[in-house]
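A.B. asks:
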Amino acid sequence: MADKEYNATEGNAEKFGGEGAFVTRGASVDRGEAERVAANEDLHRGLKARQITMIALGLVIGSGSGLARGGPVGMLIGYAVMGAVCFGVMTSLGEMATYLPHKKGFSGYASRFVDPAMGFAVGYNYLFKYWIVTPNNLVAGSLIVQYWTDAVPVGAWIAIFIAIIVAINLLGIKFFGEVEFWMSLFKIVVLTGLIILGLVIDLGGAPGHDRIGFRYWKESPFSHYLVSGNTGVFLGVWAVMVNALFAYMGSELVGVTFGEAENPRKTVPATIKRTFWRLLVFYVGSIFVIGLIVKSNDPDLLAANKATTSAAASPFVVAIRRANIRILPDIINASLLVFVMSAANSDLYIGSRTLYALAAEGKAPRIFMRTNGMGVPYVSLALCSAFCCLAFLTVSSGSKQVFTYFVALVTIFGALTWMSILVSHIRFMKALKAQGIARSSLPYIAPMQPYFAWFALITTAIVTFFKGFDAFVPTFNHKTFITSYFGLPVYFIMLFGYKLYYKTELIPLTEVDLVSGRREFDEDEAAEDEKMAHDARPWWKKAWESA
């Protein structure tokens, strides 16, 4: 079957300059060049499946404001819908990554299956996101520490946190993977504990023994956001979907880690399957429990939404205080510090690998491909670390509002990345069909395709387009409008600017390169499987063969 698949596209490879050329129309990198990549320009495959899955574990962000705007049922609907969209993005990414594992990230798939201009746009779009979100998490960490003491200046904590995450990233992918694994395992323990605690409070196990049940669902299942009536209910659910879009952002970052996975065709499917349960339990499950134990119009909840970094911002803390359980707010605050440090650590990692991928494609200076002896792209890491210094802007109170506007761009950058992944996958499936390659032969088959990809793409596009609706209600707010949509012109300027300068075109489906790099990976995978089988032999057989 493998030989038949290669023969189906062998002719197309010749159109691109030979059987092994890795090219897309408008940009080409010969395989010979790829093989000549110096040892100091190559990433190391050291991430295990358990580490990749943990790195993708995020936080249920915005749940407090989501409850206030959408109500318990509205919030659950919003997070469930966007959770399905997120899973659709992950399955689409997984199908491409297992068929053609590479170290060029999302931009590589867009360049190969759609247009090099899209690869350029999505690559820098994703890089900009992590240049912004990394310092934001560092600021959050420094402000969380002030929950206990303000004796140390915020700037000092920011400097300490930058030093910590840079050191972790410099020590190699295996060390980074282990650190993220244990920090993310801590997240799982805390989130699981909070879900269980929430159920205990709901069932009357708290000191007050108040059995809440579904009382708040019956009293006010939906909230009215901005206006009254059914329109207000709809806007509330829509606002929750925008919050959920931001909360799920980062799940796709495992696509960047695939380039350093030990065996992508085994680790990627395992990661995708675990993603489903992670979304269901830790996102939708947490949202469900929060809706049970906190009223959407609780005065403490409305006050908590103004607290953006400490434990006071968590609706779980509102419920814990209502239940008269002490000490736990301090524990949750300490947990939040671990959460945001883990996020900042992985954000810096993703930023450096995204810049490396752009350099590998020839869309950034080649110097950013330089790696140290542990396979760390230290030049890319140095530039991304420099952007962490944006966090010091918040030390000056006059700069805080400006920095907040930049942070608002994260959602739009992330949404554009999701849409680019989905467009790449739709084109990938069409190219397979055009070139006579059956999807049943793929190492991993994404479910419910192509309908799932189209559903996720259309839903993300609609939410993105209307995410700034509150800029028009009740009156037009130009600041909200600009921060909600500024990412769109940036993306399209990069897309069409690259197309005009390099004169690239949409790659015809019959000319999409589905061959280059795959045969070599198949051979490497077969050799690895043979080695594992050889190492798994019983000791007596090894001794007999050695004699």
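1 is the number of the first residue of the sequence shown in full-length UniProt numbering; add one for each residue after it.
The beta carbon of each residue, even a glycine, is placed where N, CA and C say it ideally should be.
As the structure is a prediction and not an experimental result, all values here were calculated from the model.
Using beta-carbon positions only, say whether Pro72 and Trp217 come within less than 9 Å of one another.
C.D. replies: Looking up residue 72 in the sequence shown gives position 72. Looking up residue 217 in the sequence shown gives position 217. Yes.
A.B. asks: Per the DSSP calculation, Leu203 is bridged to which residue(s)?
C.D. replies: Residue numbering aside, residue 203 sits at position 203 when the sequence shown is read from its first letter. For Leu203, the pairing in a beta bridge is given by DSSP as Arg211.
A.B. asks: In chain order, what residues of the same chain have a beta carbon less than 6 Å from the beta carbon of Pro269, not counting five sequence neighbours either side?
C.D. replies: Position 269 of the sequence shown holds residue 269. Once the five neighbours on either side are set aside, the close Cβ partners of Pro269 are Tyr444.
A.B. asks: Could you check whether Val318 and Gly74 sit closer than 9 Å to each other, using their CB atoms as the reference points?
C.D. replies: Numbered from 1 along the sequence shown, position 74 holds the residue referred to as residue 74. Numbered from 1 along the sequence shown, position 318 holds the residue referred to as residue 318. Their beta carbons are not under 9 Å apart, which means Gly74 does not touch Val318 by this criterion.
A.B. asks: Taking C-beta to C-beta, are Glu219 and Met90 nearer than 9 Å?
C.D. replies: By 1-based counting over the sequence shown, the position of residue 219 is 219. By 1-based counting over the sequence shown, the position of residue 90 is 90. Taking 9 Å as the Cβ cut-off, Glu219 and Met90 do not qualify as a contacting pair.
A.B. asks: Between which two residues does the alpha helix (DSSP H) harbouring Phe222 extend?
C.D. replies: Translated into the one-based positions of the sequence shown, residue 222 becomes position 222. Careful: Phe222 lies outside any alpha helix (DSSP H) and carries neither H nor E.
A.B. asks: Which runs of the alpha helix (DSSP H), 4 residues or longer, sit entirely within the stretch 476-506?
C.D. replies: 478-485 and 487-502
A.B. asks: CB-CB under 7 Å to Phe186, same chain, minus the five flanking residues each way: which ones, in chain order?
C.D. replies: Here residue 186 is taken as the residue at index 186 of the sequence shown, counted from 1. Counting only Cβ-Cβ distances below 7 Å, and skipping sequence neighbours, we find Val338.
A.B. asks: Just verifying my parser: in three-state terms, what is the DSSP assignment at Met115?
C.D. replies: Counting from 1 along the sequence shown, the entry for residue 115 is found at position 115. Contrary to the premise, residue 115 reads as Asp rather than Met in this sequence. Coil.
A.B. asks: On the three-state DSSP scale, how would you describe Arg278?
C.D. replies: Sequence index remark: in the sequence shown, residue 278 carries index 278 (1-based). The three-state secondary structure of Arg278, taken from DSSP, is helix.
A.B. asks: Residues in the same chain with beta-carbon distance under 6 Å from Tyr498, minus the five sequence neighbours each way, listed in chain order, please.
C.D. replies: Along the sequence shown, one-based indexing puts residue 498 at 498. Excluding residues within five positions, the ones whose Cβ falls inside 6 Å are Ala117 and Phe120.
A.B. asks: What does the alpha-carbon distance come out to for the pair Glu188 and Phe175?
C.D. replies: Taking the sequence shown and counting its residues from 1, one reaches residue 188 at position 188. Taking the sequence shown and counting its residues from 1, one reaches residue 175 at position 175. Contrary to the premise, residue 188 reads as Ile rather than Glu in this sequence. When rounded, the distance between both Cα atoms is 20 Å.
A.B. asks: Here's the rule I'm using: 16 or more other beta-carbon atoms within 10 Å means buried, otherwise exposed. How should Val152 be labelled?
C.D. replies: As a first step, residue 152 is located in the sequence shown; it is residue number 152 there, counting from the start. Classification for Val152: exposed.
A.B. asks: Can you list, in chain order, the residues of its chain whose CB lies under 8 Å from that of Thr417, leaving out five sequence neighbours each side?
C.D. replies: Position 417 of the sequence shown, counted from the start, is the residue given in the question as residue 417. Taken in chain order, the residues that qualify are Phe106, Val122, Asn125, Tyr126, Lys129 and Glu252.
A.B. asks: My guess is that Ile426 and Ala446 are in contact by the Cβ rule of under 8 Å, so how many angstroms apart are they, rounded?
C.D. replies: Locating residue 426 in the sequence shown gives position 426, where the first residue counts as 1. Locating residue 446 in the sequence shown gives position 446, where the first residue counts as 1. With a Cβ gap of about 11 Å, Ile426 and Ala446 do not count as contacting.
A.B. asks: Rounded to whole angstroms, what's the CA-CA distance from Val166 to Thr510? Just pull it up for me.
C.D. replies: Residue numbering aside, residue 166 sits at position 166 when the sequence shown is read from its first letter. Residue numbering aside, residue 510 sits at position 510 when the sequence shown is read from its first letter. When rounded, the distance between both Cα atoms is 44 Å.
A.B. asks: Under a three-way DSSP split, which group does Lys467 fall into?
C.D. replies: Indexing the sequence shown from 1 puts residue 467 at position 467. Lys467 falls in the coil class under three-state DSSP.
A.B. asks: In the stretch 72-160, which residue ranges form an unbroken alpha helix (DSSP H) of at least 4 residues, counting only runs that do not cross its ends?
C.D. replies: 105-113 and 116-145
A.B. asks: What are the start and end residues of the alpha helix (DSSP H) that includes Asn263?
C.D. replies: Counted from its first residue, the sequence shown places residue 263 at position 263. Unbroken run through Asn263: none, as it is neither H nor E.
A.B. asks: Taking buried to mean at least 16 other C-beta atoms within 10 Å of its own C-beta, is Pro474 buried or exposed?
C.D. replies: The count along the sequence shown starts at 1 and reaches residue 474 at position 474. With fewer than 16 other Cβ atoms within 10 Å, it is exposed.
A.B. asks: My output table needs one value for Pro315: the three-state DSSP class, helix, strand or coil.
C.D. replies: By 1-based counting over the sequence shown, the position of residue 315 is 315. Correct three-state label for Pro315: helix.
A.B. asks: From Val37 to Ala386, what distance separates their C-alpha atoms?
C.D. replies: Position 37 of the sequence shown holds residue 37. Position 386 of the sequence shown holds residue 386. Caution is warranted here: a pLDDT of 46 is assigned to Val37, below 50, making its placement in the model unreliable, and no coordinate value can be reported.
A.B. asks: Which value, in whole angstroms, describes the spacing of the CA atoms of Tyr109 and Pro299?
C.D. replies: Walking along the sequence shown from the start, residue 109 turns up at place 109. Walking along the sequence shown from the start, residue 299 turns up at place 299. Within the model, the alpha-carbon separation for Tyr109 versus Pro299 is close to 48 Å.
A.B. asks: Among Phe392, Arg353, Ile287 and Ile195, whose alpha-carbon lies nearest the alpha-carbon of Asn137?
C.D. replies: In the sequence shown, counting from the first residue as 1, residue 137 sits at position 137. Measuring from the Cα of Asn137, the nearest candidate turns out to be Phe392.
A.B. asks: Rounded to whole angstroms, what is the Cα-Cα separation between Trp277 and Ala156?
C.D. replies: Taking the sequence shown and counting its residues from 1, the one referred to as residue 277 is at position 277. Taking the sequence shown and counting its residues from 1, the one referred to as residue 156 is at position 156. Our two residues, Trp277 and Ala156, have alpha carbons roughly 39 Å apart in a direct line.
A.B. asks: Which residues in the same chain as Gly204 place their Cβ atom closer than 8 Å to its Cβ, once the five residues preceding and following it in sequence are excluded?
C.D. replies: Position 204 of the sequence shown, counting from 1, holds the residue named residue 204. For Gly204, where only same-chain residues beyond five positions count, the Cβ hits under 8 Å are Asp210, Arg211 and Ile212.
A.B. asks: Met419 and Thr460: beta carbons closer than 9 Å?
C.D. replies: Translated into positions along the sequence shown, residue 419 becomes position 419. Translated into positions along the sequence shown, residue 460 becomes position 460. Yes, these two residues count as a Cβ contact at 9 Å.
A.B. asks: Which same chain residues, not among the five before or five after Phe288, have their C-beta less than 8 Å away from its C-beta?
C.D. replies: One-based indexing of the sequence shown puts residue 288 at position 288. Once the five neighbours on either side are set aside, the close Cβ partners of Phe288 are Leu76.
A.B. asks: Work out the CA separation of Leu390 and Val154 for me, nearest whole Å.
C.D. replies: The residue you call residue 154 lines up with position 154 of the sequence shown. The residue you call residue 390 lines up with position 390 of the sequence shown. Rounded to whole angstroms, Val154 to Leu390 spans 13 Å at the Cα level.
A.B. asks: Whose CA, out of Ile458, Met369, Thr371 and Trp182, lies closest to the CA of Met341?
C.D. replies: By one-based count along the sequence shown, residue 341 stands at place 341. Closest option to Met341, judged by alpha-carbon separation, among Ile458, Met369, Thr371 and Trp182: Trp182.
A.B. asks: Figure out for me which residue from Arg112, Tyr147, Glu180 and Phe455 has the closest Cα to the Cα of Tyr349.
C.D. replies: To locate residue 349, count along the sequence shown from 1; it is residue 349. Considering only alpha carbons, the answer is Glu180.
A.B. asks: For Tyr216, which three-state DSSP category applies?
C.D. replies: The residue labelled residue 216 in the question sits at position 216 within the sequence shown. Reduced to three states, the DSSP call for Tyr216 is helix.
A.B. asks: Does the Cβ of Tyr124 lie closer than 8 Å to at least one heavy atom of the ligand PLP?
C.D. replies: As presented, the structure is devoid of all ligands, the ligand PLP included, so that no description of it is given.
A.B. asks: Under a Cβ-count criterion, where at least 16 other Cβ atoms within 10 Å of its own Cβ denotes burial, should Ser440 be classed as buried or exposed?
C.D. replies: The residue given as residue 440 occupies position 440 in the sequence shown. The residue is exposed, with fewer than 16 neighbouring Cβ atoms inside 10 Å.
A.B. asks: Using the three-state DSSP reduction, which class does Thr231 fall into: helix, strand or coil?
C.D. replies: Here residue 231 corresponds to residue number 231 of the sequence shown, with the count starting at 1. It is helical.
A.B. asks: Just to confirm, are Gly172 and Val376 a CB contact at a threshold of 9 Å?
C.D. replies: Mapped onto the sequence shown, residue 172 falls at position 172. Mapped onto the sequence shown, residue 376 falls at position 376. Yes, these two residues count as a Cβ contact at 9 Å.
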